[in-house]
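S.K.: Numbering (full-length UniProt numbering), first residue to last: 1 to 156. Built from N, CA and C at the ideal position, the CB exists for glycine as well.
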Amino acid sequence: MARRRAAKRKALMPDPVYQNHLVEMITNHLMRRGKKLLAYRICYSSMRELGEITQKDPISVLEQAVRNVTPLVEVKSKRRGGAAYQVPVAVSPERGTTLAIRWILSSCRNRSGRTMVSRLTNEFLDASKNVGAAIRRKEEINKMAEANKAFAASRF
1 MARRRAAKRK ALMPDPVYQN HLVEMITNHL MRRGKKLLAY RICYSSMREL
51 GEITQKDPIS VLEQAVRNVT PLVEVKSKRR GGAAYQVPVA VSPERGTTLA
101 IRWILSSCRN RSGRTMVSRL TNEFLDASKN VGAAIRRKEE INKMAEANKA
151 FAASRF
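(1) From the DSSP output, in three-state form, read off Y85 for me.
(2) Given this structure, state the Cα-to-Cα distance separating T59 from K8, to the nearest angstrom.
(3) Have a look at T121 and V17 and give me their C-alpha separation to the nearest angstrom.
(4) Determine, using beta-carbon pairs with one atom in the stretch 108-116 and one in the stretch 136-150, whether at least three such pairs fall under 8 Å.
(5) The alpha helix (DSSP H) that contains V66, what's its start and end?
(6) Taking C-beta to C-beta, are I53 and L99 nearer than 8 Å?
(7) Per DSSP, what kind of secondary structure is K143 in: helix, strand or coil?
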C-alpha cells in the first residue's frame, strides 16, 4: 500500500482559442509523443469543419457528442472464490468524460478515412447524432452492466 497521500490533481487550463476545458482535454488525449501543436492543429481544424458542416457553434456540437458517449456505469472485474465477476460500478462525471473522449478518439483512429481531421469531425458528428462506434461501445458496456446487475449489490 502507498505510504504517501494521493497526489493532487493538477488543474487543467482552458485551451487558448475557445477557452474551453473540454477542447483542452481532447487535445491532450489526441496528442502523441508530446506533439501538442500538431494535436491543436488537428483539433482546431476539426472544430472549424464541424462549424461549417453543422452551421452551429462547434463547442455545442462537441459537448453534445461527449455527453452522448459518456457512460453512467462501467464494469470492473472482481475475483471471488476463484471466479472473476464483472461488477457494475457507477462512474464519476470526470471519469465519464475521460472515458467518452478516449472512446471517441479510439473510434476515430480505427475509422477509415483520408486525414485525422476528417475522421475526427465525422466521429464527433456521429456521436452528436447518437450513432457511431463510440456510441456502440457505450451501449455494449451498459449491456454488460445490466447483465451483471445481480453482482452490484454484493460487496466484494
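M.R.: This is what the structure holds:
(1) Locating residue 85 in the sequence shown gives position 85, where the first residue counts as 1. DSSP places Y85 in strand when its eight states are reduced to three.
(2) Here the question's residue 59 lines up with position 59 in the sequence shown. Here the question's residue 8 lines up with position 8 in the sequence shown. According to the sequence shown, residue 59 is Ile rather than Thr. Cα to Cα, the separation comes out at about 28 Å.
(3) Taking the sequence shown and counting its residues from 1, one reaches residue 121 at position 121. Taking the sequence shown and counting its residues from 1, one reaches residue 17 at position 17. Spanning the two alpha carbons is a distance of roughly 18 Å.
(4) The answer is no - the stretch 136-150 does not touch the stretch 108-116, with fewer than three Cβ pairs under 8 Å.
(5) Here residue 66 refers to the residue found at position 66 when the sequence shown is read from its first residue. Run containing V66: P58 to V69, per the alpha helix (DSSP H) assignment.
(6) Here the question's residue 53 lines up with position 53 in the sequence shown. Here the question's residue 99 lines up with position 99 in the sequence shown. Taking 8 Å as the Cβ cut-off, I53 and L99 do not qualify as a contacting pair.
(7) As a working mapping, residue 143 is identified with position 143 in the sequence shown. Three-state DSSP puts K143 in a helix.
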